[in-house]
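Q: Chains as they are written, first to last, in this note's numbering: chain A, 1 to 276; chain B, 1001 to 1276.
1) Residue 1018 of chain B: which of B:1134, B:1047, B:1080 sits nearest, CA to CA?
2) Count the CB pairs spanning the segment 211 to 219 of chain A and the segment 78 to 96 of chain A that are closer than 8 Å, and state whether there are at least three.
3) Could you pull out every residue in the same chain whose Cβ sits closer than 7 Å to the Cβ of residue 20 of chain A, ignoring the five residues on either side in sequence?
4) With a threshold of 8 Å between beta carbons, is residue 256 of chain A in contact with chain B?
5) Per the DSSP calculation, residue 1079 of chain B is bridged to which residue(s)?
6) Which two residues bound the contiguous beta strand (DSSP E) that contains residue 108 of chain A?
7) At the level of alpha carbons, what is the spacing between residue 1035 of chain B and residue 1068 of chain B?
8) Does the CB of residue 1229 of chain B have a neighbour CB from chain A at under 8 Å?
9) Helix, strand or coil for residue 137 of chain A, going by three-state DSSP, please let me know.
10) Cβ of residue 257 of chain A within 8 Å of Cβ of residue 1007 of chain B?
11) If you follow the alpha helix (DSSP H) that residue 1208 of chain B is part of, which residue opens it and which one closes it?
12) Enumerated in chain order, which unbroken segments of the alpha helix (DSSP H) with a length of 4 residues or greater are wholly contained in the segment 195 to 249 of chain A?
13) Am I right that residue 1187 of chain B and residue 1108 of chain B are in contact with their C-beta atoms under 8 Å? What's the rounded C-beta distance?
14) Compare the beta carbon distance of residue 48 of chain A and residue 10 of chain A with 8 Å and say whether it is the shorter of the two.
15) How long is the line joining the alpha carbons of residue 32 of chain A and residue 267 of chain A, rounded to whole angstroms?
16) Does residue 1261 of chain B have its Cβ less than 8 Å from a Cβ in chain A?
17) In chain B, what lies closer than 8 Å to residue 69 of chain A by C-beta?
18) Is there a Cβ of chain B sitting closer than 8 Å to that of residue 50 of chain A, yes or no?
19) Can you find at least 3 beta carbon pairs, one from the segment 1154 to 1161 of chain B and one from the segment 1191 to 1207 of chain B, that sit closer than 8 Å?
20) Let me confirm a value: residue 962 of chain B is counted as buried when at least 16 other C-beta atoms fall within 10 Å, else exposed. Which label applies?
21) So, under 8 Å CB-CB, residue 1178 of chain B and residue 1051 of chain B are touching, yes? Tell me the CB distance rounded to an integer number of Å.
22) Do we get a CB-CB distance below 8 Å when we pair residue 234 of chain A with the residues of chain B?
23) With 8 Å as the limit, tell me which residues of the segment 1002 to 1031 of chain B have their beta carbon closer than that to any beta carbon of chain A; keep them in chain order.
24) State buried or exposed for residue 5 of chain A, treating a residue as buried only when at least 16 other CB atoms are found within 10 Å of its CB.
25) Can you pull the chain B residues whose beta carbon is under 8 Å from the beta carbon of residue 64 of chain A, in chain order?
26) Since residue 7 of chain A is in the beta strand (DSSP E), which residue starts that stretch and which ends it?
27) By the three-class DSSP mapping on this structure, what secondary structure does residue 1126 of chain B have?
28) So residue 1221 of chain B contacts chain A; which residues on that side make the cut at Cβ distance below 8 Å?
29) Where does residue 43 of chain A sit, in a helix, a strand or coil, going by DSSP?
30) Just the Cα atoms here: how many angstroms apart are residue 152 of chain A and residue 1252 of chain B?
31) Do you know whose CA, among A:183, A:208, A:238, lies nearest residue 94 of chain A's CA?
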């Protein structure tokens, strides 16, 4: 593991690190905010999964998470959204290939050799974090924005007891029924749609739900509402009697101005369960 | 004036607007955060002047000001750092020309026709803001980072009674004695150094001081300490018996991670006097 940069931030450290990943078979970069408490003992960790076109950096600099993470003494990890590098397949579209890993393990050419972001987030990066940093990997929570909200919800529901709590900002809620989903799941997983179901938060919610509390924020003026399909997830949560809250936020759009506006609420939400 | 974008943010609106400026003789773009209160009555305004290479956008997305501005009901204006456009002179160096206006009125070719950022911030933009937005222009405060800290301090000391309070993050504190200053003041104002003095916060502090409270934060691990020369300003503040606080922050560098870490303190500081 290499240290790319470390900046003092809210009494702790905002670091950027790179490492060779067995899951994605390439060099990966991630951000990690460690609160001051991590100098003295292990701290719980919140995963923040980012959306289409983002790297590890966008949320790290624009979501305003560190202020509230420092207040609670929680670490925040900001992974990249896809494999990177010259040898990694890509597509001209912004929503396929680099920056658009969709948190799945691709099975199709040309994606299968590197696009294994599910394994990267579920296994590879947690092992590295637990080994190198003062993190209590028995206390993890997860959140994300847009494609990252999709990733957070699908990982949380598929890995029982891994995360104490899950939240999402404007998640891609029903990708098997959306152009943000059908294109990518088809490219990465192939045309057999039965392999897509475990990567759809609404279908997973209907089927299994989450073994903890859920918080969803969605902007009512989001320019991508037709692609995100929040109503499908909201309906599924209610029908499943899922312990959780779905909030439609009047006037907010899809930007980081929306995310940062509600970051304190999400951090407070996760802190309640991480420190329970 | 044209609306470039408006995003709902912390209950208010983060807007970006452009307008034709008589001062800089070109189209200028600025960011303006209006808290929710501005829908009902006029609110006080904090100016945030940015540093070298920045546009209106950097601090608007990375400094974390909106959270605390919303809490207090204060507007924040984020001006650009130089004139822009095809017809505007530039230099290959990052620290001269576009993105490096240095908050002066240039008198030398090729800069004099557009590089009049002093007049833009002191006269042109305030007039526009007062006309178009629910701002109480009798209650203004000013802050800035690096070159913007230099701008905030020099404007505040040169315009008595304009600002209730001034603060700065890692300001260029003594530009007439630094490579961050001598190069730019020479290029924009010419070789007669007597014209430089009113653009040096340390010299102004020695001479006139500020007619209100001052707050300065400086990272002790700032990579540009030799260029910023904080000790000169700190000495001048103490010698002038200036009402103010100079804080050396252990471990912090020159980045927005430093700025955002102390933004709450600066907003609380200005709020105390804006609402006195």
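C-beta atoms are modelled at their ideal positions from N, C-alpha and C, and glycine is treated no differently. Being a predicted model, the structure only gives us computed values, none of them experimental.
A: For this structure:
1) B:1080
2) no
3) 27
4) yes
5) B:1030
6) Looking at the DSSP string, residue 108 of chain A is not in any beta strand (DSSP E), and its letter there is neither H nor E.
7) 10 Å
8) no
9) strand
10) yes
11) Where residue 1208 of chain B is concerned, there is no enclosing alpha helix (DSSP H), given that its DSSP letter is neither H nor E.
12) 201 to 207, 225 to 228, 230 to 240
13) 7 Å
14) no
15) 15 Å
16) yes
17) Residues of chain B passing the Cβ test: none, with the nearest at roughly 12 Å.
18) no
19) yes
20) Nothing in the structure corresponds to residue 962 of chain B, since chain B is present only between 1001 and 1276.
21) Going by Cβ atoms, the distance from residue 1178 of chain B to residue 1051 of chain B rounds to 14 Å, so no, they are not a contact pair.
22) no
23) 1007, 1008, 1009, 1010, 1011, 1014
24) exposed
25) 1064, 1067, 1260
26) 2 to 9
27) helix
28) 8
29) strand
30) 32 Å
31) A:183
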